[in-house]
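The next block holds one structure in the form of structure tokens; read it before the comments.
Residue numbers (this note's numbering), protein chains in the order written: chain A, 1 to 243; chain B, 1001 to 1243.
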């Protein structure tokens, strides 16, 4: 499994991804699931990956190759005229890789993967997409300003309740850590370290990027503090009237 | 989907179940998923059901018939010598119904169901079981003092963090309501009204039973109060240090 979140904020975007991959509980490994491409002053593109690791690595490698070889027939990630076209490039590549992996006539489910794609290209607004294994995609809007992929359930209630489009990056990082902590505690297939990235709107460069390891002091504060805060919140509510 | 929880407490057991069944989002209905059998002063047996409604209703109907006709070859729920044997009766019946429903040679998955079974028989301790579609079962112990069936993920983090074996029934009801509220808010296939039941150890009668409807004042207090309490808990944690 995997857990990745992309949040669209008034001041930009915040991304977080875990790094655990597994093929059974006795075969786990650490792989980066957050990728970015930058043309300073012109565009920033961030990609978070969930699903079959061979599929997502193939897509990222092909995107990398194309970014380096602009003569390639498909427009490179650094050449697309808009984020919408960028999402199309990634979606088409994803579909191609999945279709090419599955033996003819057989189910493609085992090769499936999905992406969260966010970024901004000069002259356009920041945009955030979720890309499906079929290659199509949806875009975040004001009603649904964030996307999750992978093990999405445990960490969703706090995202729904505490997300605020006007929050600072420091608050957004706190929200992401609480959401990830609940997920890491509940599902062994989601694990530290975590990758954190902020993109400030109209900056056209990556504002902040950090790998959060298990001994990160702030993560440990949040992890133990959230348990205590939840218990205190629970205690603050009135007990059930038994009569 | 469904959501049911059985909690084992120092003072007895608490049970909660939702009542929504669905076959697609355009075909929803309300059915009771909590059942109980009592021989006052001698035994109390509580059953919570998740899965294929035809399967769970068949099992409960057969258990009912056998409870009324003690000459039946299988020991009735009111005759079993122990909770372990009660779990075997329910498990075997469940397996029989599932096997009998699936066309020969075809997958039985669509007919699957599972149960939480709790209760006490005079001369023995209260015991809590989870029964699988295969008819086998596991028992709750001190390390895992509660079982969930159905849509278990959204409501699990608060159960893990706020459960305390010494909690009162009034606190247990609060915990169950918070867990159910998080689930109801996240999954349309889990819905009110909720059924709540307490069994006090060594009482050999059902201590308290209530149906919680959407206009229940306490439920509404918890539902809105928990959102506020969660946001306050979140605000109480320090923000991420950006430097």
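Beta carbons are placed, not taken as given, at the ideal position from N, Cα and C, and that holds for glycine.
Keep in mind it's a predicted model, so treat the numbers as computed, not measured.
Interface annotation, residue 1143/B: not in contact with chain A, CB-CB separation never under 8 Å.
A Cβ-Cβ separation of about 7 Å places residue 118/A in contact with residue 15/A under the 8 Å criterion.
At least one CB of chain B lies nearer than 8 Å to the CB of residue 233/A.
A Cβ-Cβ distance of about 12 Å is found for the pair residue 133/A and residue 107/A, leaving them out of contact under the 8 Å criterion.
Nearest CB-CB separation between residue 1041/B and chain A: not below the 8 Å threshold.
Shown here for residue 1206/B: same chain residues with a beta carbon closer than 7 Å to its own, the five before and five after excluded, namely 1036, 1038, 1044, 1197 and 1199 in chain order.
Just so you know, the alpha carbons of residue 1030/B and residue 1020/B end up roughly 5 Å apart. Per DSSP, residue 184/A is one residue of the alpha helix (DSSP H) stretching across 169-186. Within the model, the alpha-carbon separation for residue 1183/B versus residue 1022/B is close to 16 Å. When the alpha-carbon of residue 129/A is set against those of 166/A, 178/A, 46/A and 95/A, the nearest one is in 46/A. If the five residues before and after residue 178/A are omitted, its C-beta is found closer than 7 Å to the C-beta atoms of 158, 222 and 226, all from its own chain and listed in chain order.
In this chain, the alpha helix (DSSP H) harbouring residue 1088/B covers 1083-1101.
When the beta-carbon positions are compared, residue 1087/B and residue 1028/B stay at least 8 Å from each other.
Listed in chain order, the non-local C-beta contacts of residue 1013/B below 7 Å within the same chain comprise 1006, 1007, 1118, 1126, 1128 and 1199, local neighbours out to five positions each way being set aside.
Out of 215/A, 175/A, 202/A and 155/A, the CA that lies nearest to the CA of residue 187/A is found in 155/A. Listed by position along chain A, the residues whose Cβ is nearer than 9 Å to that of residue 1205/B form an empty set, because the closest Cβ is around 16 Å away.
For residue 63/A, the three-state secondary structure derived from DSSP is helix. Rounded to the nearest whole angstrom, the CA to CA distance from residue 103/A to residue 144/A is 36 Å. Straight-line measurement puts the Cα of residue 52/A at about 7 Å from the Cα of residue 110/A.
With a threshold of 16 other beta carbon atoms within 10 Å, residue 91/A meets it and is buried.
Going by beta carbons, residue 54/A and residue 33/A fall outside the 8 Å limit.
Counting along the chain, the unbroken beta strand (DSSP E) around residue 1129/B starts and ends at 1127-1131.
The three-state secondary structure of residue 49/A, taken from DSSP, is strand. Closest in C-alpha terms to residue 1170/B, from the list 1219/B, 1116/B and 1235/B, comes 1219/B. For residue 1194/B, the enclosing beta strand (DSSP E) begins and ends at 1194-1200. Within the segment 1154-1165 of chain B, those residues whose Cβ lies closer than 7 Å to any Cβ of chain A are, in chain order, 1154, 1156, 1157, 1158, 1161 and 1162. Collapsing the DSSP output to three states places residue 1078/B in coil. Only buried fits residue 193/A, as 16 or more other CB atoms lie within 10 angstroms of its CB. At least 8 Å separates the CB of residue 1055/B from every CB of chain A.
Neighbourhood of residue 1222/B in chain A, by CB distance below 9 Å: 237, 238 and 240, in chain order. Where residue 33/A is concerned, there is no enclosing alpha helix (DSSP H), because DSSP gives it neither an H nor an E.
Contact annotation for residue 58/A against chain B: no contact, minimum CB-CB distance about 30 Å [criterion: below 7 Å]. A buried status is given to residue 11/A, since no fewer than 16 other beta-carbon atoms sit within 10 Å of its beta-carbon. The Cβ-Cβ distance between residue 1151/B and residue 1002/B falls below 8 Å. Listed along chain B is no residue with a C-beta nearer than 8 Å to that of residue 105/A; the closest approach is about 21 Å.
For the pair residue 1201/B and residue 1120/B, the CB atoms are nearer than the 8 Å cut-off.
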